[in-house]
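> Once you've had a glance at the structure underneath, I'll fire off some questions.
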Amino acid sequence: MIKASIIIPTYNRGKLLCNTLTSLIGQLPADVEIVVVDQSNEVCTELMEIVKNHSTQIHYYKIFTKGLPRARNFGLKRAIGEIIIFCDDDVIPSHHFIENHLQNYKEQDVGGVGGRILPREKRHHYFSDSGNKVTGKIRRWDAYLTDNFEATTKAYIEHVQGCNMSFRREAAGKAGGFDERFGGSAHLEETDLCMRIRKAGYKIVFDPKAELIHLKETKGGCRAENYKQWFYWYGHNNMLFFLKNFSTYLLPTFLASSFIRLILSACKRRNPLIILWGMSGYRAGIISYKSK
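Residues 1 to 292 in my numbering are what the sequence shown lists, from first letter to last.
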């Protein structure tokens with residue numbers, strides 16, 4: 001019986017993914033599988049060699065439709081574990097990464113787990129913390145997210161980050177999986193799923209022991225190629241997320257807060273077009289929300 005499945009979507013990062021897989025294989029129990037969903041344009045020889053040498057535990061799928069939520073859903077349909085762990089293709093998991101995710105599911109009301117995320121420059125500072133800041137919260141009046149996933153204190157949270165998260169299969173199924181309308185960098189796709197999982201009655205836990213380093217590779221993955229693309233999808237996904245999960249009575253406050261953030265971003269980067277790109281994204285988000 002497979003206890004857990006680790007799903008790793010990947011796009012044009014074959015060599016980086018090899019490092020992630022090597023880190024995971026060294027701690028992989030017999031009852032845990034890895035599901036790789038590859039949307040890359042080219043085949044990575046080194047990756048295929050690792051898949052071939054570990055074919056009993058690594059299940060590789062090549063798909064040609066792009067989109068991070070789509071890749072996650074594809075993996076969900078083929079994974080057979082009771083617990084589903086998601087990580088990115090540019091991460092370095094800690095030694096007990098898998099074990100520390102799984103131990104949280106001894107509590108039956110836990111539907112999801114977010115792990116600690118360290119940036120590349122802090123890879124040798126594992127015990128640093130960012131004070132007593134709140135971790136993983138969603139502000140009710142404008143949907144603003146508090147992250148603080150470098151924290152070292154275990155806590156109940158409201159959202160996770162996609163590069164280091166896990167869910168009970170049953171909870172993800174009840175919530176309907178990932179919404180594939182979240183495009184571009186897929187910003188807020190995991191937050192949207194967390195909202196639905198919590199509405200279904202489950203708790204979500206932040207466990208700093210389930211730790212990894214996120215390299216944040218600038219190429220490949222679902223990174224935006226330019227500011228225009230980034231701010232468009234930022235606006236689109238924010239609007240879609242808000243309309244799906246919050247009262248329309250708060251829409252004026254949400255729009256005012258969002259517009260102020262766009263103005264500040266435009267001033268910081270000295271590019272007034274950022275406001276236009278962002279607002280066009282917000283408009284597209286309304287259209288996506290009205291679509292099925």
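All residues carry an ideal CB built from backbone N, CA and C; glycine is no exception.
What do you get for Trp230, buried or exposed, if any count of 16 or more other CB atoms within 10 angstroms of its CB means buried?
buried
> With distance defined between alpha-carbon atoms, name the residue in Leu76, Glu42, Asp147 and Ile34 nearest to Phe206.
Asp147
> Mind checking who Tyr156 pairs with in its DSSP beta bridge?
Val205
> How many Å lie between Lys15 and Tyr282 at the Cα?
36 angstroms
> Quick check on DSSP: helix, strand or coil for Lys268?
helix
> Within 10 Å of its beta-carbon, does Asn104 have 16 or more other beta-carbons around it, so buried, or fewer, so exposed?
buried
> Taking just the CA atoms, how far does Gly112 sit from Ala175?
Those two C-alpha atoms are separated by around 12 angstroms.
> So, with DSSP's three-state summary, where would you put Asn164?
strand
> Using 8 angstroms as the threshold, is the segment 156 to 172 in touch with the segment 198 to 213, meaning 3 or more CB pairs across them?
yes
> What would DSSP say about Ile8, mapped onto helix, strand or coil?
strand
> Just mark Val43 as buried or exposed, buried being the case when its beta carbon has 16 or more other beta carbons within 10 Å.
exposed
> With 16 other CB atoms within 10 Å as the buried threshold, where does Gly173 fall?
Of the residues assessed, Gly173 falls on the exposed side of the cut-off, its CB having fewer than 16 other CB atoms within 10 angstroms.
> Could you pull out every residue in the same chain whose Cβ sits closer than 8 angstroms to the Cβ of Ile92, ignoring the five residues on either side in sequence?
Asn19, Thr20, Ser23, Arg123, Leu212, Ile213 and Leu215
> Less than 8 angstroms between the C-beta atoms of Ser280 and Trp233, yes or no?
No, Cβ-Cβ distance for Ser280 and Trp233 is not below 8 angstroms.
> Please determine, among Asp192, Cys267, Glu217 and Ser5, the residue with the shortest C-alpha to C-alpha distance to Lys80.
According to the sequence provided, residue 80 is Ile. The question's Lys does not apply to it. The shortest C-alpha separation from Ile80 is found at Ser5.
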